[in-house]
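Heads up: the structure comes next, in structure tokens.
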Amino acid sequence: MSSDEDVSLPSLYSGALLALSNAYNLPPSSTEKEELVISSLSTLKKVHSRIVELSLFSPNETVEDVTTHDLIYLTLPFVLAEAQSRQQLDTRSERLASLAQTQRYVKGFVSLLETYNIVPGAERELYGKQASGIRDPAKKRQLKIDQFKKEKELKARIQTLRKKRSQQPVSDDFPSNFDLIASLLPSEPEVKDDREIASETDEVLRETVLILLRLLYAQAQGQIEMLTQEVEMVKMMPSSPQLDAQRAEQDDRMKRREEEASMWRLDTPRPSGGPDGKGPLLDSSGRVLRPFTILPSDAGERQRLQSEVFGPSHNLPTMTIDDYLQVEKDSGRIITGGGPGSENQLTTSEQLQLDSEMDGTVDTEEKEEQKRQKDEKWARFADANPRGAGNTMNRG
1 MSSDEDVSLP SLYSGALLAL SNAYNLPPSS TEKEELVISS LSTLKKVHSR IVELSLFSPN
61 ETVEDVTTHD LIYLTLPFVL AEAQSRQQLD TRSERLASLA QTQRYVKGFV SLLETYNIVP
121 GAERELYGKQ ASGIRDPAKK RQLKIDQFKK EKELKARIQT LRKKRSQQPV SDDFPSNFDL
181 IASLLPSEPE VKDDREIASE TDEVLRETVL ILLRLLYAQA QGQIEMLTQE VEMVKMMPSS
241 PQLDAQRAEQ DDRMKRREEE ASMWRLDTPR PSGGPDGKGP LLDSSGRVLR PFTILPSDAG
301 ERQRLQSEVF GPSHNLPTMT IDDYLQVEKD SGRIITGGGP GSENQLTTSE QLQLDSEMDG
361 TVDTEEKEEQ KRQKDEKWAR FADANPRGAG NTMNRG
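First residue of the sequence shown: 1, per full-length UniProt numbering; consecutive thereafter.
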């Protein structure tokens, strides 16, 4: 315990990140990986205790009040969640408890960044949406592209920072987030010299840490959805292989006992009585003892009912559609004409005038007589009904 107290906070955090980074490339079932994860998880909890003792963060502060060197320790809940999720557990109850703890770490990290308003509102709204709720493939693809661009920008800024601080540049390809976080931890000389650092480099460092936190925020939102799905899957899994084996053995023993008992069981008497001689249909309280169908007792009545099952239940048509339309047309209930063709046709008066002007035919004389009678009829009507004669109410 005394040795851990002598180690500085950056060194303690860096050691845990290094252990997780080494475990990242090991096989999942490796014993060495399990030891590294357990060791790093224990160290991370010590880092958390040290941060609480130093009171590096306060709910009354804003992100501007947090120093640049302390800002990197906001990643601790995310790293704790990563370490917790990498534990190798056997039983279902242990896995469920570990998943619940991982969810608490991830949600605590998301809540912490939202409290300090580190993530812009647009990104918070974008990453807050679950991928399963986005049905548009183009939007999902655009989201992945944006995250890739942010990660690429982050790596470029880290390279710039290391060069400005006169340190050895790191590799262009970071294997994991643990290496990204470790590269932004303050070095020992800077801690001992009261963190004297050039203002320009400090601005670059602060901006890089903020971008890293925004990137981890996006990954944490995706982990929340995956953890929820994993919890549902684990709940449906068998409790443990040992219990399953015990249950299978008990089932086999029960089957053997039933088979042995059936060998010595006497045949039970067949039920009698009832309408068909196979036993009663109802008991004394009216409860149904076996399925039955109610049918008429007369065979002729049953045959009649059966013949009516597939009979037509509606009136069949007596004429075709064409016959029906012809009857309607002959009755004058179908309106025809209209349109440009009807507009260009002559009216009855115009046609009568045209026919009466054709000289030399019998039809012309008949048409002239029809036109004369029509004009005379109209003249008599005009004499009997002068203009304005019907206007008796609107006088003036």
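By construction, the Cβ of each residue, glycine as well, lies at the ideal position given by its N, Cα and C atoms.
Return the CA-CA distance between phenylalanine 292 and proline 275, expressed in angstroms with no decimal places. Position 292 of the sequence shown, counted from the start, is the residue given in the question as residue 292. Position 275 of the sequence shown, counted from the start, is the residue given in the question as residue 275. Cα to Cα, the separation comes out at about 10 Å.
Threonine 357 burial status per 10 Å Cβ neighbour count (16 or more: buried): In the sequence shown, residue 357 corresponds to position 357, counting from 1. Note on identity: in this sequence residue 357 is glutamate, with threonine being the wrong assignment. Under this definition glutamate 357 is an exposed residue.
Valine 327 Cβ short of 7 Å to the ligand GDP heavy atom set: The ligand GDP is absent from the structure shown, which contains no ligands of any kind.
Does DSSP put valine 7 in a helix, a strand or coil? Counting from one through the sequence shown, the residue named residue 7 turns up at place 7. Coil at valine 7, not helix or strand.
So glutamine 250 and valine 106 are supposed to be a Cβ contact under 8 Å. How far apart are they, rounded? Working through the sequence shown from its first residue, we reach residue 250 at position 250. Working through the sequence shown from its first residue, we reach residue 106 at position 106. That pair is no contact at about 40 Å.
Can you find at least 3 beta carbon pairs, one from the segment 10-24 and one from the segment 46-53, that sit closer than 8 Å? yes
Presumed contact (8 Å Cβ cut-off) between tyrosine 24 and serine 176, rounded CB distance: Within the sequence shown, residue 24 is the residue found at index 24, counting from 1. Within the sequence shown, residue 176 is the residue found at index 176, counting from 1. Going by Cβ atoms, the distance from tyrosine 24 to serine 176 rounds to 5 Å, so yes, they are a contact pair.
Kindly indicate which residue of Ser187, Ile181, Val204 and Lys235 has the alpha-carbon position closest to the one of leucine 212. Residue mapping note: residue 212 aligns to position 212 of the sequence shown, counting from 1. Minimum Cα distance to leucine 212 is reached at Ile181.
Given this structure, state the Cα-to-Cα distance separating glycine 332 from valine 362, to the nearest angstrom. Here residue 332 corresponds to residue number 332 of the sequence shown, with the count starting at 1. Here residue 362 corresponds to residue number 362 of the sequence shown, with the count starting at 1. Distance between the alpha carbons of glycine 332 and valine 362: 32 Å.
Under 8 Å between the Cβ atoms of leucine 295 and valine 288? Position 295 of the sequence shown holds residue 295. Position 288 of the sequence shown holds residue 288. Against a cut-off of 8 Å, the Cβ pair of valine 288 and leucine 295 comes out as no contact.
Give the straight-line distance between the Cα atoms of leucine 205 and serine 30, rounded to the nearest whole angstrom. As a first step, residue 205 is located in the sequence shown; it is residue number 205 there, counting from the start. As a first step, residue 30 is located in the sequence shown; it is residue number 30 there, counting from the start. Straight-line Cα distance between these residues: approximately 36 Å.
Have a look at glutamate 232 and leucine 316 and give me their C-alpha separation to the nearest angstrom. Your numbering for residue 232 matches position 232 in the sequence shown. Your numbering for residue 316 matches position 316 in the sequence shown. Near 59 Å, if we compare the C-alpha coordinates of leucine 316 and glutamate 232.
Whether glutamine 84 touches leucine 41 by CB criterion (8 Å): One-based indexing of the sequence shown puts residue 84 at position 84. One-based indexing of the sequence shown puts residue 41 at position 41. Result yes, Cβ atoms of glutamine 84 and leucine 41 sit closer than 8 Å.
May I have the straight-line CA-CA distance separating glutamine 229 from aspartate 6, to the nearest angstrom? For the purposes of this step, residue 229 is identified with residue 229 of the sequence shown, where counting begins at 1. For the purposes of this step, residue 6 is identified with residue 6 of the sequence shown, where counting begins at 1. One C-alpha to the other measures close to 42 Å.
If threonine 364 sits next to aspartate 375, beta carbons under 8 Å apart, how far is it from one beta carbon to the other, in whole angstroms? The residue given as residue 364 occupies position 364 in the sequence shown. The residue given as residue 375 occupies position 375 in the sequence shown. In fact, because the Cβ distance is near 16 Å, the residues do not count as touching under 8 Å.
Mark proline 169 as exposed unless 16 or more other C-beta atoms lie within 10 angstroms of its C-beta, in which case mark it buried. Your numbering for residue 169 matches position 169 in the sequence shown. In this prediction, proline 169 scores a pLDDT of 49, lower than 50, which makes its location untrustworthy; the coordinate-derived value is nonetheless stated afterwards. So proline 169 counts as exposed.
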